[in-house]
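Colleague:
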Amino acid sequence: QDQPSFVPQTSGFFPQRNYHFIYQAKNWTEAQSYCRENFIDLATVADVKDVATLNKLANLNQMFASSNAYVSPSISWFGLYRNNWMWSDDSTFSFTYWNTPNAEPSGGKQSCVAANFRSSGLWEDWMCDIKKIFICYSGK
Numbered sequence: 001q002d003q004p005s006f007v008p009q010t011s012g013f014f015p016q017r018n019y020h021f022i023y024q025a026k027n028w029t030e031a032q033s034y035c036r037e038n039f040i041d042l043a044t045v046a047d048v049k050d051v052a053t054l055n056k057l058a059n060l061n062q063m064f065a066s067s068n069a070y071v072s073p074s075i076s077w078f079g080l081y082r083n084n085w086m087w088s089d090d091s092t093f094s095f096t097y098w099n100t101p102n103a104e105p106s107g108g109k110q111s112c113v114a115a116n117f118r119s120s121g122l123w124e125d126w127m128c129d130i131k132k133i134f135i136c137y138s139g140k
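First residue of the sequence shown? That's 1 in UniProt numbering, and the numbers climb one at a time after it.
#1: If you draw a straight line from the alpha carbon of A25 to that of I135, how long is it in whole angstroms?
#2: Evaluate Q16 with the Cβ neighbour count: other Cβ atoms within 10 Å of its Cβ, from every protein chain shown; 16 or more gives buried, anything less gives exposed.
#3: Could you spell out where the alpha helix (DSSP H) holding residue 230 opens and where it closes?
#4: At a Cβ threshold of 9 Å, is L54 touching chain C?
#5: Below 9 Å between beta carbons: does that hold for Y97 and V48?
#6: Who are the near neighbours of A52 in its chain, counting only those whose CB is closer than 7 Å to its CB and skipping five residues on each side?
#7: Take the Cβ of S94 as the centre, count every other Cβ of all protein chains shown within 10 Å, and call the residue buried at 16 or more, exposed below.
#8: By the 10 Å Cβ neighbour count, where 16 or more other Cβ atoms means buried, how is G79 classified, buried or exposed?
So, in structure tokens, the structure goes:
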């Protein structure tokens, strides 16, 4: 059964773009296909303002998840993947928020990225075939 996406009233946070936490466990490629079919694409993060917005939404979703038995958004796929690290919607990649002391993780087979909202939304590379909930975006 598909769980609904939960979109809090956040137009004040980011008026031109809406983020949607999707409570379905999918691998990165399945998540991307879902987002492209139902929204625009997997979420992109351009700067610290986007990180703050996603953290606020994750906190609201966490409260909603706790009271409604949905899955917590603690680690969620978004649109960054390794092809020299790029966004799935082909937008410019320059900002990073890695959960490592170095500029980026070593990679290997771990070629897709999820935000860890237990660590303030820091980015972690994961194997792309692991199933996680995910974040789509709509709007600009």
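Backbone N, C-alpha and C define an ideal beta-carbon position, used for all residues, glycine too. Computed from a predicted structure; not experimentally measured.
Modeller: With the given structure in hand:
#1: As a working note, residue 25 is residue 25 in the sequence shown. As a working note, residue 135 is residue 135 in the sequence shown. Answer to the nearest angstrom: the Cα atoms are 11 Å apart.
#2: As a working mapping, residue 16 is identified with position 16 in the sequence shown. Counting Cβ neighbours within 10 Å, Q16 comes out exposed, since fewer than 16 surround it.
#3: Residue coverage of the chain in this structure runs from 1 to 140, which leaves residue 230 outside it and unanswerable.
#4: In summary, chain C is missing from the structure at hand, where a single protein chain is found.
#5: As a position in the sequence shown, residue 97 is number 97, starting the count at 1. As a position in the sequence shown, residue 48 is number 48, starting the count at 1. Yes; because the gap between Cβ atoms is below 9 Å, this pair is in contact.
#6: For this step, residue 52 is matched to residue 52 along the sequence shown. The answer is none, since no qualifying residue turns up.
#7: Position 94 of the sequence shown, counted from the first residue, corresponds to residue 94. Result: exposed.
#8: Looking up residue 79 in the sequence shown gives position 79. With 16 or more Cβ atoms within 10 Å of its Cβ, G79 is classed as buried.
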